[in-house]
Amino acid sequence: MADDKQSGWTRFFRKKDLAGEDFFGKVIAGLARIFEGGDEEETYRQIRSEVKQIFACDDISLFAYDPDEAPGGDEGDWVLTVKSGFGEGNRVSQGDARVLPDLLPGRPIKYSELVAQQAALKAIALAFEENTFYGCDIEQNKVVLLKEPRPEDDLGSGDLSVLAIPLQYGNKVGRVLEQTRVGVLALFKTPVRRELGELERGMRALLAHALVSSSCVLRDPVTRLYTEAHLRDEVARYVNMFDLTGGQLGGAFVVVMVDCLRLYKQTLEATGKVDPGDVSHKVSEALRGVAQCVWRRARDHQLGPNEELRCGLPGRIGHQAFGVLLPLVKPFELGMWCTRLSQDVIAHHFEAEEFLVTGDVTVSLRAIPFGASGAKTPAELFALARKVIDELEAEQAKARRDPAALTALVKTIRVWDQGQWVAPNDYKGELAGA
Numbered sequence: 013m014a015d016d017k018q019s020g021w022t023r024f025f026r027k028k029d030l031a032g033e034d035f036f037g038k039v040i041a042g043l044a045r046i047f048e049g050g051d052e053e054e055t056y057r058q059i060r061s062e063v064k065q066i067f068a069c070d071d072i073s074l075f076a077y078d079p080d081e082a083p084g085g086d087e088g089d090w091v092l093t094v095k096s097g098f099g100e101g102n103r104v105s106q107g108d109a110r111v112l113p114d115l116l117p118g119r120p121i122k123y124s125e126l127v128a129q130q131a132a133l134k135a136i137a138l139a140f141e142e143n144t145f146y147g148c149d150i151e152q153n154k155v156v157l158l159k160e161p162r163p164e165d166d167l168g169s170g171d172l173s174v175l176a177i178p179l180q181y182g183n184k185v186g187r188v189l190e191q192t193r194v195g196v197l198a199l200f201k202t203p204v205r206r207e208l209g210e211l212e213r214g215m216r217a218l219l220a221h222a223l224v225s226s227s228c229v230l231r232d233p234v235t236r237l238y239t240e241a242h243l244r245d246e247v248a249r250y251v252n253m254f255d256l257t258g259g260q261l262g263g264a265f266v267v268v269m270v271d272c273l274r275l276y277k278q279t280l281e282a283t284g285k286v287d288p289g290d291v292s293h294k295v296s297e298a299l300r301g302v303a304q305c306v307w308r309r310a311r312d313h314q315l316g317p318n319e320e321l322r323c324g325l326p327g328r329i330g331h332q333a334f335g336v337l338l339p340l341v342k343p344f345e346l347g348m349w350c351t352r353l354s355q356d357v358i359a360h361h362f363e364a365e366e367f368l369v370t371g372d373v374t375v376s377l378r379a380i381p382f383g384a385s386g387a388k389t390p391a392e393l394f395a396l397a398r399k400v401i402d403e404l405e406a407e408q409a410k411a412r413r414d415p416a417a418l419t420a421l422v423k424t425i426r427v428w429d430q431g432q433w434v435a436p437n438d439y440k441g442e443l444a445g446a
């Protein structure tokens, strides 16, 4: 039986179910998968999946705090938004901590559907505001709010309806521990009387670090190009400058997609020359090789006898694509830049590429001049980039069993012009007369 005097949410985990090396291996493996999530969205998904498995709860909601998200008129000073899990998109605010003034910790009140909903939100809001564990149990026609819940606080069902775990990021600098609130992890139908002991503080810190790191990393650790989040910020900044100058700055955004990346993986597996355990490593090497070509072309491209482009900013988009911000590049120069990058990738050696149907690891490129119709804002531009990546992947996947059709679909270059993709030689430049 767990020590009832122990503080914290860890009292809710049974030793007999979770003790031993198997459990700790399960926890460590789950945490590893969380940190392998990659981008912010994938990290959210991994946290939901792994936390549900480790804590044996019915579902979770991950409430994230964004200081840039303005609260509404009656929401108080802060607001949390469900980024993943049950109720995705819902909000909890400081105002929710003030509802039901008669609902005090440890004092049950009569159940109603509205009271139960408000009590659950209040528990989550108080957990964030006070940086302490809160619970809410709803059963036996009663609703009770619990601060630092204990096993005996359960109303009899053997689980806690809502358990709100505050997440706080910490970074020790000298003797000062810098801290910031990250959000709240809400667990639903959490079995009581279990024990995690000393894992409590570590789990909270690790989850907070996993959430913060994905939004703060500047460089993608695999390719060493900039992350998609940073690339989006830079594109937004440049598009705004483009608008402020009435289009005088010029420039474009180029989408670079690695052709048939899944087919390359399958080819490595089929040749029998690569250990199956090393296939993912080889695919990662291929991504790094393409990324090197993208980086060099973005930072060193001859525009003329005495002109050299050195200010391109490359970043990663999703799993198999890159994006390159090309400031000041003229529309008629886009085709040449894309052609040279395509040739750079073909000239780069990739292991087992000779076994590919297409004969080489190649890239397809889509150039979007700034100010083009349908891509005038940063949001429109990235939506168009995502759409064309999905379309290219779908087309290539459909033709993977037809060598002639697949060969015709790879290493293509197109420019966005007047609402459609055209070959560089057919690009008329809709902004020429602007």
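For the sequence shown, the positions run 13 to 446 when our numbering is used. All residues carry an ideal CB built from backbone N, CA and C; glycine is no exception.
- Annotation note: the stretch 269-294 contains no uninterrupted beta strand (DSSP E) run of length 3 or greater.
- Beta-carbon to beta-carbon, Pro120 and Leu158 are separated by about 10 Å, too far to satisfy the 8 Å threshold.
- Contact check between the stretch 287-297 and the stretch 324-332: fewer than three CB pairs, one atom from each, fall below 8 Å, which does not count as touching.
- Counted as a single uninterrupted DSSP element, the beta strand (DSSP E) harbouring Gly327 occupies residues 325-329.
- Counting other Cβ atoms within 10 Å of its Cβ, Thr235 reaches 16 or more and is therefore classed as buried.
- Rounded to the nearest angstrom, the gap between the Cα atoms of Gln430 and Pro317 is 32 Å.
- Annotated as proximal: Leu275 and Arg412, with beta-carbon spacing under 7 Å.
- From the listed residues Asp312, Arg426, Trp349, Val375, the smallest Cα separation to Leu299 is found for Val375.
- For Glu142, no beta strand (DSSP E) encloses it; the enclosing alpha helix (DSSP H) starts and ends at 125-142.
- 7 Å or more divides the Cβ of Glu81 from the Cβ of Val94.
- Scanning the stretch 49-130 from its first residue to its last, the whole alpha helix (DSSP H) runs of 4-plus residues come out as 52-67.
- Look at Phe394 here: in three-state DSSP terms it is helix.
- Note that the stretch 356-371 does not touch the stretch 335-343; fewer than 3 beta-carbon pairs, one per stretch, sit closer than 8 Å.
- By the beta-carbon neighbour count (other beta carbons within 10 angstroms, threshold 16), Val247 is buried.
- The straight-line gap separating the alpha-carbon atoms of Ile380 and Leu325 is approximately 15 Å.
- Gly335 sits in a strand when the DSSP states are folded into three classes.
- Taking Pro203 as the centre and dropping the five residues before and after it, the same chain places the C-beta of Ala68, Asp171 closer than 6 Å to its C-beta, in chain order.
- Contact check for Phe145 and Val196: beta-carbon distance about 10 Å, past the 8 Å limit, so the pair fails to qualify.
- For Val155, the pairing in a beta bridge is given by DSSP as Ile121, Ile150.
- At a Cβ-Cβ threshold of 7 Å, Thr419 and Thr370 count as neighbours.
- Setting aside the 5 residues that flank it on each side, Gly107 is surrounded in the same chain by Asp86, Glu87, Gly88, each with a C-beta closer than 6 Å to its C-beta; the list follows chain order.
- When Leu219, Pro343, Val194, Val229 are compared, the shortest CA-CA separation from Gln260 is found for Pro343.
- By the CB criterion at 7 Å, Ala220 and Tyr181 fall inside the cutoff.
- Per DSSP, the beta-bridge partners of Pro203 are Asp171.
- Taking C-beta atoms as the reference points, Asn143 and Pro178 count as a pair closer than 7 Å.
- CA-CA distance, Gly101 to Ala416, rounds to 45 Å.
- Ala137 and Val267 have their C-alpha atoms roughly 42 Å apart.
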